[in-house]
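These notes concern the structure reproduced below.
In mature numbering (1 follows the signal peptide of the UniProt record, and there is no 0), the protein residues as written are -21 to -1, 1 to 91.
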């Protein structure tokens, strides 16, 4: 009997904490990124304001709000992700894209 009461109390507590936490975060696709001539461009599946996180070797992590596409200069490997809020209030967090900063020409569309 004691175990059953504990199980019911635990389930109730978890249900209440889930309700208080609000909408759950969803996993989105990694940004679609390309690189060339020491620059990068990334596109997200988001609409509206998008919070981007860009980490480059040897530099501080940058977090900023922009539209669904970003670009900039780079010298080394980048780790890029984004998040945005859906119409229902849920947050979508993307997977992380790894971008190897290329010094050469931009890749042709068929090379991507």
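From the three backbone atoms N, C-alpha and C, an ideal C-beta is built for every residue, glycine too. Model, not experiment: these values are computed from the prediction.
Excluding residues up to 5 positions away in sequence, 29 and 31 lie with their Cβ nearer than 7 Å to the Cβ of residue 45 in the same chain.
Non-local C-beta neighbours of residue 49 in its own chain, meaning closer than 6 Å and more than five positions away in sequence, comprise 21 and 31, ordered along the chain.
For residue 78, the enclosing beta strand (DSSP E) stretches over residues 76 to 78.
Remark: C-beta atoms of residue 35 and residue 53 approach each other more closely than 8 Å. Shown here for residue 16: same chain residues with a beta carbon closer than 8 Å to its own, the five before and five after excluded, namely 81, 82, 83, 84 and 85 in chain order. Relative to residue 8, the option among 63, 41 and 87 whose CA is nearest is 63.
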